[in-house]
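Protein chains in written order, with the working numbering: chain A, 1 to 80; chain B, 1001 to 1187.
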């Protein structure tokens, strides 16, 4: 679902965006969407780096299904 | 074979992918305790770019097969006998290189990999001569590519202690291998 937003930006910046978007044959809305997605992704990246190895001490959100649960039903046998 | 808890404080030790996975999966308190000791710098945990890539790839596949890839595209390929080590995949999913649409939506594996890059573990560099040494180690000990490369790097750095949950390095002389013995299946 798309959300309509309205905002105010610097005139010179908007002029540059319009020119570049036209050169790349992209819509302004697409440019804004990519920029917002990158902003969110970078913020999440910084958070993960800040958390560091603490993340390894938290509960794993991924299920151990299929092969993983099969492998993990018994300890690996000792080799002679 | 030594227990993970026997690793002395101040040690500089190579952490095999299996240790990172066991800790992340939450199936071995000993592996988690080792990660905690690395975090507190009581132990200097070392990883190579190959271990990092191996971890990244395995977690990416795990995340992709836990909901993103339709179940009818996954082929169950269970071995007839029990696997010889813990890190064996018996579920064959279509190559992820064919599915950029899926990879783009995965997030957990990436955050896990970033966590390993937070600076709490030592990430080694790779030198061209490591590959020559790895080829020798493959021939000598029957090691697979990533394990032989990591061992070649460890040797160059003077590291002779390795923490691993599988048996890959058993045949290598002169190594001190630590292994978790507290495997707890996750429910």
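Built from N, CA and C at the ideal position, the CB exists for glycine as well.
Remember, predicted model here, so these are calculated numbers, not experimental data.
- The beta carbon of residue 60 of chain A falls within 8 Å of a beta carbon belonging to chain B, placing the residue at that interface.
- Around residue 1141 of chain B, the same chain offers 1171 and 1172 as residues with beta carbons nearer than 7 Å, after the five sequence neighbours per side are excluded.
- For residue 35 of chain A and residue 56 of chain A, the gap between their C-alpha atoms comes out near 30 Å.
- Pairwise C-beta distances place the segment 1042-1062 of chain B in contact with the segment 1107-1120 of chain B, as three or more of them are shorter than 8 Å.
- Interface annotation, residue 1044 of chain B: not in contact with chain A, CB-CB separation never under 8 Å.
- For the segment 1033-1057 of chain B, the residues whose beta carbon sits under 8 Å from a beta carbon of chain A are, in order, 1035, 1036, 1038 and 1039.
- The C-alpha of residue 1174 of chain B lies about 7 Å from the C-alpha of residue 1160 of chain B.
- In this structure, DSSP gives residue 1159 of chain B a state outside helix and strand, which the three-state scheme calls coil.
- Within the segment 1098-1121 of chain B, the residues whose Cβ lies closer than 9 Å to some Cβ of chain A are 1107, 1108, 1109, 1110, 1111, 1112, 1113, 1114, 1115, 1116, 1117, 1118, 1119, 1120 and 1121, listed in chain order.
- With at least 16 other beta carbons inside 10 angstroms of its own, residue 1015 of chain B counts as buried.
- The C-beta of residue 1005 of chain B comes no closer than 8 Å to any C-beta of chain A.
- In this model, residue 40 of chain A and residue 1009 of chain B are separated by some 40 Å (Cα to Cα).
- In terms of Cα proximity to residue 1019 of chain B, the closest of B/1105, B/1165 and B/1096 is B/1165.
- Residue 1102 of chain B and residue 1126 of chain B do not touch by the CB rule: their CB atoms are close to 29 Å apart, not below 8 Å.
- Across the set B/1108, B/1032 and B/1046, the C-alpha of B/1046 shows the shortest separation from the C-alpha of residue 1151 of chain B.
- Around the C-beta of residue 1112 of chain B, 16 or more other C-beta atoms lie within 10 Å, and the residue is accordingly described as buried.
- Out of B/1157, B/1121, B/1158 and B/1132, the CA that lies nearest to the CA of residue 1148 of chain B is found in B/1132.
- Proximity to residue 1105 of chain B across B/1063, B/1006, B/1044 and B/1012 peaks at B/1063, based on C-alpha coordinates.
- Beta-bridge analysis with DSSP links residue 1014 of chain B to B/1046 and B/1162.
- At a cut-off of 8 Å between beta carbons, residue 64 of chain A contacts chain B.
- Inclusion of residue 1055 of chain B and residue 1096 of chain B in the CB contact set at 8 Å is not warranted, their separation being larger than that value.
- Taking C-beta separations shorter than 8 Å and ignoring five residues to either side along the sequence, the partners of residue 1130 of chain B in its chain run 1149, 1152, 1153 and 1156, following chain order.
- For residue 1177 of chain B, there is no enclosing alpha helix (DSSP H); the enclosing beta strand (DSSP E) covers residues 1176-1179.
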